[in-house]
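Q: Questions regarding the structure given below will be posed in turn.
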Amino acid sequence: MKNAYLQSVLETVKKRNPAEPEFIQAVTEVLETLEPVIERRPDLVAANVMERIVEPDRQIIFRVPWVDDKGNIQVNRGYRIQFNDAIGPYKGGLRLHPSVNLSIIKFLGFEQIFKNSLTTLPMGGAKGGSDFDPKGKSDNEIMRFCQSFINELYRHIGKDIDVPAGDIGVGGREIGYMFGQYKKLTGEWSGILTGKGIPYGGSLARTEATGYGLCYFTDEMLRANGKSFEGQTVVISGSGNVAIYALQKATQLGAKVVAMSDSNGYIYDPNGVDFAAVKQLKEVERKRIKEYVATHPQAEYHEGCSGIWTIPCDIALPCATQNEINKESAEILAKNGCYCVSEGANMPSTPEAIEVYFANKMLYGPAKAANAGGVATSGLEMCQNSARLSWTFEEVDGKLHGIMKSIFAACDAASKEYGMPGNYMAGANIAGFLKVAESMKAQGCV
Ligand code: NDP
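So in my numbering, the last one in the sequence shown is 483, and the numbering has no gaps at all.
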């Protein structure tokens, strides 16, 4: 990065947040791609937009005490980072995973600013969660944890202030418990969380939205480059919410998905992974992916999750977690003929892996554009709650499809306008940034 202003912003971020590697990684990636914008826009430098945008509006960290089934009191740490509300109320998911810390929530909140801007809907950026591990917990333990989490968080959120949603470890069950506790504490029914159940204000197609949206975005990117999903071999990491519905949509679009994983290992099914079986296993029975081979004898199970990237494929859709594809895995993908990586998870590729994609002229769909379908549909859930309406599955899916097409178009146009055609990472950062930066400048120094 040559620009002195951007260099000094990055140095300040590093000094202020020394123990936050994921946050620094996310900021570095964005600042590097914004260099041509900053050179054309001295007004944004004069308004010091960059130094302001990398500092969260506020960071809320709190104790979450809860009682386990044996009667012991457990304590976890809760987070909500309200990063930027220049274009709308804070919006972003809640993650429950033992790896959660301030750095991870801040990187996710920072990315969320640009992702939400790309959706074309008025939503600011935020993220939250806890280092609570839902694995192996009973339903009652999950409920008590979620209630305690909301006992503190409720005072910081509101339908026009901050509207959290799901992420890793937070699905319909957890959102239900949190929503119930918010209603109990405030005596108010309002759409303060998205990803709710259909009978109580949820949106049809929200469950499917991130995975479907990923495939809609990827399809646009493939078509713009003379290709399509038809007849292609696809590898999808993870087997959670995003991965399951990416599997369904990629299959509907004519691809064969041959592998999926969880944090223990991966399955390879040469006949194509069976959507109904994975959905039953993960959503209903809440079992490990290795159980798949018990009902599908032609499939293989291998321990260790990074081995999934050694399976030859045309298209890779990482849908598990951050930094899951490193340089070595990216090189193996390229060597095996993979020509497209499109990200369902947030920041699943390390910076070195991204360099490998560009060096090999692979198509690269960055997370903040490719996985924005989830939050876009959360925005549509907010619209339905405000209007006291419920749209049909087809209506929501149709709007989602239109939004993903316009996100691709915005990334493509910005990449061309700033002299980097085909670099959709730069395009996404620039298009997402400009809307927020103009709003911050217009609203003055606040
Ligand atoms: P889920 O909790 O439903 O599923 C996560 C999946 O990833 C599971 O299969 C899990 O395996 C696996 N996983 C988690 N951590 C690791 C790890 N360290 N190594 C390998 N595998 C791991 O989460 P989602 O599907 O909702 O989220 C997946 C990704 O997509 C995240 O990066 C999230 O931020 C992103 N995302 C999600 C959106 C949504 O709408 N849900 C929206 C936009 C982005 P295991 O069961 O073993 O933990």
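Using N, Cα and C, we set each Cβ at its ideal position, and we do this for glycine too.
Source: prediction; values computed, not measured.
Could you name the residues of the same chain whose beta carbon sits closer than 6 Å to that of Ala292, not counting the 5 residues immediately before and after it, in chain order?
A: Residue 292 sits at position 255 when you count from the first residue of the sequence shown. Hits under 6 Å: Phe266, Gln269, Val271.
Q: Would you kindly work out how many angstroms separate the C-alpha atoms of Gly302 and Thr223, rounded to a whole number?
A: Here residue 302 refers to the residue found at position 265 when the sequence shown is read from its first residue. Here residue 223 refers to the residue found at position 186 when the sequence shown is read from its first residue. In a straight line, the C-alpha of Gly302 is about 43 Å away from that of Thr223.
Q: Please go through the same chain and pick out, in chain order, the residues whose beta-carbon is closer than 8 Å to the beta-carbon of Tyr253, but skip the five residues on each side of it.
A: Reading the sequence shown from its first residue, position 216 is the one you call residue 253. Answer for Tyr253: Lys286, Gly410, Leu437, His438, Met441, Lys442, listed in chain order.
Q: Could you check if Ile205 belongs to the surroundings of ligand 1, using beta carbon to heavy atom distance under 6 Å?
A: Indexing the sequence shown from 1 puts residue 205 at position 168. True, at least one ligand heavy atom lies under 6 Å from that Cβ.
Q: Report the CB separation of Val82 from Ile75 in whole angstroms; it is logged as a contact under 8 Å.
A: The residue you call residue 82 lines up with position 45 of the sequence shown. The residue you call residue 75 lines up with position 38 of the sequence shown. With 8 Å as the limit, Val82 and Ile75 qualify as a contact, their Cβ atoms being about 6 Å apart.
Q: Does the separation of the CB atoms of Tyr455 and Ile467 fall below 7 Å?
A: Reading the sequence shown from its first residue, position 418 is the one you call residue 455. Reading the sequence shown from its first residue, position 430 is the one you call residue 467. Going by C-beta atoms, Tyr455 is nearer than 7 Å to Ile467.
Q: Our contact map puts Phe60 next to Phe144 with C-beta atoms below 8 Å; I'd like the distance itself, whole angstroms only.
A: By one-based count along the sequence shown, residue 60 stands at place 23. By one-based count along the sequence shown, residue 144 stands at place 107. Going by Cβ atoms, the distance from Phe60 to Phe144 rounds to 5 Å, so yes, they are a contact pair.
Q: With a CB to CB cut of under 7 Å and the five nearest residues on each side skipped, what residues in its chain are close to Pro159?
A: Your numbering for residue 159 matches position 122 in the sequence shown. Closer than 7 Å at the Cβ level, and outside the excluded window around Pro159, lie Ile124, Gly125.
Q: Using the beta-carbon count (16 or more within 10 Å), is Lys164 buried or exposed?
A: The residue given as residue 164 occupies position 127 in the sequence shown. That one is buried.
Q: Near Pro403, what residues of its chain come up, given a Cβ to Cβ distance below 7 Å and the 5 sequence neighbours on each side ignored?
A: The count along the sequence shown starts at 1 and reaches residue 403 at position 366. Result list for Pro403: Glu380, Tyr461, Met462, Ala465, in chain order.
Q: Going by CA-CA distance only, name the one from Ala406, Lys405, Lys364, Cys375 that's closest to Ile391.
A: Within the sequence shown, numbered from 1, the residue matching residue 391 stands at position 354. When each option's Cα is compared against that of Ile391, the closest is Lys364.
Q: Leaving out the 5 sequence neighbours to the left and right, which residues in its chain are closer than 6 Å to Val279 when beta-carbon positions are compared?
A: The count along the sequence shown starts at 1 and reaches residue 279 at position 242. The residues are Thr247, Gly248, Cys356, Gly381.
Q: Hey, could you find the ends of the beta strand (DSSP E) Val200 is sitting in?
A: Locating residue 200 in the sequence shown gives position 163, counting from the first residue. From DSSP, the beta strand (DSSP E) with Val200 extends over 199-202.
Q: Buried or exposed for Cys350, going by 16 or more other Cβ atoms inside 10 Å?
A: As a first step, residue 350 must be located in the sequence shown, where it is residue number 313. Under this definition Cys350 is a buried residue.
Q: Compute the Euclidean distance between the alpha carbons of Met419 and Gly228, then round it to the nearest angstrom.
A: For the purposes of this step, residue 419 is taken as residue 382 along the sequence shown, with counting starting at 1. For the purposes of this step, residue 228 is taken as residue 191 along the sequence shown, with counting starting at 1. Rounded to the nearest angstrom, the two C-alpha atoms are 6 Å apart.
Q: Considering Cα atoms alone, identify which of Cys342, Cys377, Ala336, Lys372 is closest to Ala353.
A: The residue labelled residue 353 in the question sits at position 316 within the sequence shown. Measuring from the Cα of Ala353, the nearest candidate turns out to be Cys377.
Q: Out of Met215, Ile194, Asp306, which one is the CA nearest neighbour of Pro334?
A: Numbered from its first residue, the sequence shown carries residue 334 at position 297. Per the C-alpha coordinates, the member of Met215, Ile194, Asp306 positioned closest to Pro334 is Asp306.
Q: Enumerate in chain order the residues of its own chain whose CB-to-CB distance from Tyr219 is below 6 Å, with the five nearest sequence positions on each side excluded.
A: Numbered from 1 along the sequence shown, position 182 holds the residue referred to as residue 219. Excluding residues within five positions, the ones whose Cβ falls inside 6 Å are Ile187, Tyr191, Ile229.
Q: Quick one: complete alpha helix (DSSP H) runs, 4+ long, within the stretch 381-452?
A: Unbroken alpha helix (DSSP H) runs of no fewer than 4 residues, entirely contained in the stretch 381-452, are found at 388-396, 404-407, 410-424, following chain order.
Q: Can you list, in chain order, the residues of its chain with a C-beta nearer than 6 Å to that of Pro135? Leave out the 5 residues immediately preceding and following it.
A: Translated into the one-based positions of the sequence shown, residue 135 becomes position 98. Result list for Pro135: Asp168, Asp170, in chain order.
Q: If you check the beta carbons only, do Tyr338 and Lys327 fall under 7 Å apart?
A: As a position in the sequence shown, residue 338 is number 301, starting the count at 1. As a position in the sequence shown, residue 327 is number 290, starting the count at 1. For Tyr338 and Lys327, yes; Cβs fall inside 7 Å.
Q: Along the chain, where does the alpha helix (DSSP H) that runs through Gln335 open and close?
A: Position 298 of the sequence shown holds residue 335. That residue, Gln335, is in no alpha helix (DSSP H); it is neither H nor E in DSSP.
Q: Measure the alpha-carbon distance for Asp434 versus Lys172 and round it to whole angstroms.
A: Numbered from 1 along the sequence shown, position 397 holds the residue referred to as residue 434. Numbered from 1 along the sequence shown, position 135 holds the residue referred to as residue 172. Distance between the alpha carbons of Asp434 and Lys172: 31 Å.
Q: If you run the structure through DSSP and keep just helix, strand and coil, what is Glu368?
A: If you number the sequence shown from 1, residue 368 lands on position 331. The answer is helix: DSSP assigns Glu368 an H, G or I state.
Q: According to DSSP, simplified to helix, strand and coil, what is Trp226?
A: Here residue 226 refers to the residue found at position 189 of the sequence shown. Correct three-state label for Trp226: coil.
Q: Do you know offhand how far Leu131's Cα is from Asn138's?
A: By one-based count along the sequence shown, residue 131 stands at place 94. By one-based count along the sequence shown, residue 138 stands at place 101. Distance between the alpha carbons of Leu131 and Asn138: 12 Å.
Q: Could I get the ranges of all uninterrupted alpha helix (DSSP H) runs contained in the stretch 260-348, with 4 residues as the minimum, in chain order?
A: Listed in chain order, the complete alpha helix (DSSP H) runs (minimum 4 residues) inside the stretch 260-348 are 278-289, 312-316, 329-332.
Q: Starting from Tyr127 and walking both ways along the beta strand (DSSP E), at which residues does that stretch end?
A: Working through the sequence shown from its first residue, we reach residue 127 at position 90. Its beta strand (DSSP E) spans residues 127-133.
Q: Can you find a heavy atom of ligand 3 that lies under 6 Å from the Cβ of Asn460?
A: This structure lacks ligand 3; the ligands present are ligand 1.
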